[in-house]
Amino acid sequence: MCVCFGRCPVFCVAVSSALSCPVVGFSGSRSVVPAVLGSVLSGLPVGAVVLVGCARGVDGAVRASVPGCRVFRVSGSGRSAFAGRSVRFVRALAAEGGVLFSFPGRACPAGLVPSADSRSCFCGLGSGSWASLALALGLGVPCCVWLPAGVSVPADWGLISVGSGWWVSLPF
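Numbering follows numbering that gives the first Met the number 0, in which position 106 of the sequence shown is assigned residue number 105; successive positions increment by one, without gaps.
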């Protein structure tokens, strides 16, 4: 299903290519669920394997919309348990050749950069969404990122704006 809705061809190709992937992961804000998430979920192909975390917000909306999705749960307590859940999620996505759809609710914390080293990404800067995205990019996972108005991706992250709040990593 095309989720382009009359948007630019680059946007259409990027998001449609991402949605054609047989394994799709979702990550994002615990407090804000963007309306665009529903459009993305409606574009998932039948039989897609969907990976998601156990948090409220974006994770909760995905779990409610996709019966049978694979949920990564926190085991243990404290911030390190949440980071561990996110690291397991991103590593599984990378191992299965999946694509990540990320919906951070705010700007990236200063000093965070993409890395294949999970300790560099989950270093206490305060945003699991951005840390997960940093690890995914570091591991070479293709990523589609939607950001609210006024928020942009740090210049050195290698993501390209395709319009309507969407940013993508290449190649797809």
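Just so you know, even glycine gets a beta-carbon here, dropped at the ideal spot from N, CA and C.
Annotation: the continuous beta strand (DSSP E) that includes Val161 extends over 159–162. Proximity to Trp129 across Ser76, Ser79, Val144 peaks at Val144, based on C-alpha coordinates.
Its Cα nearest to that of Gly149, the residue Gly104 stands out among Gly75, Gly104, Arg29, Val73.
Taken atom to atom, the span from the alpha-carbon of Ser41 to that of Pro108 is near 31 angstroms. Under the DSSP definition of a beta bridge, Phe81 lacks any partner. Secondary structure of Cys107 (DSSP, three-state): coil.
DSSP places Gly137 in the helix class (H, G or I) of the three-state scheme. Counting along the chain, no beta strand (DSSP E) covers Arg118; the unbroken alpha helix (DSSP H) around it starts and ends at 117–120.
Separation of Gly37 and Ala60 (C-alpha to C-alpha, rounded to the nearest whole angstrom) is 9 angstroms.
Ranked by Cα distance from Gly157, the options Leu136, Phe88, Leu50, Gly164 are led by Leu136.
Distance from the CA atom of Gly110 to the CA atom of Val48, rounded to whole angstroms, is 33 angstroms. The alpha-carbon of Ala63 is positioned some 15 angstroms away from that of Ala34. The Cβ atoms of Ser85 and Phe100 do not sit closer than 9 angstroms to each other. Cβ-Cβ distances below 7 angstroms link Ala80 to Val73, Ser74 in the same chain, with the five nearest sequence neighbours on each side left out; the list follows chain order.
Comparing alpha-carbon positions, the option among Gly52, Gly97, Arg69 lying closest to Pro141 turns out to be Gly97.
A residue is called buried once 16 or more other Cβ atoms fall within 10 Å of its Cβ, and Ala94, having fewer, is exposed. Assigned with DSSP and collapsed to three states, Val22 falls in strand.
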